[in-house]
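J.: Input: one structure, supplied below.
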Amino acid sequence: MIITIDGPAGAGKSTVGRELSRRLGFRFFESGSAYRALACEVKNRKIDPANRESVCRLIPFLDFFHPRPEFYLPEIGELASLLSAVPEVRKGLLQSQQKLAEGGDLVTEGRDMGSVVFPGAEHKFFLDASLSERAQRRHQELAEKGKGLKPEEVEAEISARDTRDRSRKASPLVVPAGAIVIDTTGLGIGEVVETLLRHITKGSEKRHGFPNRHSRESGNPGK
Ligand code: DC
């Protein structure tokens, strides 16, 4: 089973996705780490981001399954967003992402997981929240990692990134066909995870006529 979670920066996709995968016993993949890994290599090797050929040459050697702390720097997010608008980059990363499905059950999050990478996913979600709340969450996350950015700097950064991610030609951020949209403004992580689990259980009941055997939603919070 594949479950996709798409949405703009700071909507809670990673935290919710990680917890959901833990509850279901599925693997979890943050697709942003592929673009962030590429951005790190481009920066460290001082490659001109506009040089598509040199940028794409790095793709086969990327390790995006072991995110490093530098992946989460705002400047890396910005460069990742810039590179992710390049069609050759998206094409180069598509196959390795799709290969993940071969390993079995998966929860994955990003910008085009339900629309392009796994259009046939059993369950698709789109998480959103107000810009100010998304900026606040991201600011807190960065503060916990010791990055002292001002709240207004974080808001400007994610706002610019969203605009670019939504307006690019290659696989823009969209609500995938068949996705359930959840506005997480004012909701805690636990509430969002429970909501997703309810939809997954309901969807599986409809599809197969019996409850999803993976769901541990009711009365079993421990696992
Ligand atoms: O989710 P994130 O903040 O780690 O993603 C960083 C950037 O990578 C994001 O601004 C756009 C790009 N990205 C993408 O284009 N498609 C995805 N599926 C995931 C991320």
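For the record, in the sequence shown the residue sitting at position 38 is 44 according to the numbering used here, with numbers rising by one throughout. Built from N, CA and C at the ideal position, the CB exists for glycine as well.
1) If you follow the alpha helix (DSSP H) that residue 187 is part of, which residue opens it and which one closes it?
2) Have a look at the DSSP bridge pairing and note the partners of residue 116.
3) In terms of alpha-carbon separation, which member of 8, 30, 63 and 80 lies closest to residue 38?
4) Compute the beta-carbon to beta-carbon distance between residue 116 and residue 167, rounded to the nearest angstrom, for a pair I have assumed lies under 8 Å.
5) Which runs of the beta strand (DSSP E) spanning at least 3 residues fall entirely within the stretch 69-128, listed in chain order?
6) Please state if the CB of residue 65 and the CB of residue 131 are separated by a distance shorter than 8 Å.
7) Verify the contact flag: residue 232, CB atom, against every heavy atom of ligand 1, threshold strictly below 7 Å.
8) Decide if the stretch 169-184 is in contact with the stretch 50-64; the criterion is three or more beta carbon pairs, one per stretch, under 8 Å apart.
9) Assuming residue 112 and residue 33 make a contact with CB atoms under 8 Å, what is their CB distance in whole Å?
10) What is the residue span of the alpha helix (DSSP H) that residue 33 lies within?
11) Do the stretch 146-166 and the stretch 198-214 meet, that is, are 3 or more Cβ pairs less than 8 Å apart?
12) Select from 109, 156 and 97 the residue whose C-alpha is nearest the C-alpha of residue 122.
13) Rounded to a whole number of angstroms, what is the C-alpha to C-alpha distance between residue 159 and residue 145?
14) Exposed or buried, residue 129, counting other C-beta atoms within 10 Å across all chains shown (16 or more means buried)?
15) Check whether the Cβ of residue 116 sits closer than 7 Å to any heavy atom of ligand 1, and report yes or no.
16) Between the Cα of residue 230 and the Cα atoms of 124, 24 and 86, which residue gives the shortest distance?
17) Within the 8 Å Cβ cut-off, does residue 207 reach chain D?
18) Can you give the Cα-Cα distance for residue 105 and residue 35, rounded to whole angstroms?
19) Could you check whether residue 189 and residue 134 sit closer than 8 Å to each other, using their CB atoms as the reference points?
20) Do the CB positions of residue 77 and residue 40 come within less than 8 Å of each other?
21) Rounded to a whole number of angstroms, what is the C-alpha to C-alpha distance between residue 118 and residue 210?
22) DSSP three-state call for residue 64: helix, strand or coil?
23) I'd like the list of long-range same chain contacts for residue 175, defined as Cβ closer than 8 Å, with 5 residues on each side in sequence excluded.
T.: Result, derived from the coordinates:
1) Run containing residue 187: none in the alpha helix (DSSP H); it sits in the beta strand (DSSP E), 186-189.
2) Answer by DSSP bridge pairing, in chain order: 12.
3) Checking every option, the nearest Cα to that of residue 38 belongs to 80.
4) About 13 Å separates the beta carbons of residue 116 and residue 167, which is beyond the 8 Å limit, so they are not a contact pair.
5) You should have 112-116.
6) Against a cut-off of 8 Å, the Cβ pair of residue 65 and residue 131 comes out as no contact.
7) Residue numbering for the chain in the displayed model covers 7 to 229; residue 232 lies beyond these limits and cannot be assessed.
8) Too few Cβ pairs lie closer than 8 Å, so no.
9) A Cβ-Cβ separation of about 5 Å places residue 112 in contact with residue 33 under the 8 Å criterion.
10) Taken as a continuous stretch (DSSP letters only), residue 33 belongs to no alpha helix (DSSP H), being part of the beta strand (DSSP E) at 33-36.
11) Judged by Cβ distances under 8 Å, the stretch 146-166 makes no contact with the stretch 198-214, as fewer than three pairs qualify.
12) The residue with the shortest Cα to Cα distance from residue 122 is 97.
13) Taking the straight line joining both Cα atoms gives about 9 Å.
14) Its Cβ being crowded by 16 or more others within 10 Å, residue 129 is buried.
15) Checking the Cβ of residue 116 against ligand 1 gives yes.
16) The first residue shown for the chain is 7 and the last is 229, placing residue 230 beyond what the model contains.
17) Of the chains in the structure shown, none is chain D; there is only one protein chain.
18) C-alpha separation (whole angstroms): 12 Å.
19) Cβ distance < 8 Å, so residue 134 and residue 189 count as in contact.
20) For residue 77 and residue 40, no; Cβs fall outside 8 Å.
21) It is roughly 23 Å from the alpha-carbon of residue 118 to the alpha-carbon of residue 210.
22) Shown here, residue 64 sits in coil according to DSSP, grouped into three states, outside any helix or strand.
23) Here the set comprises 91 and 93.
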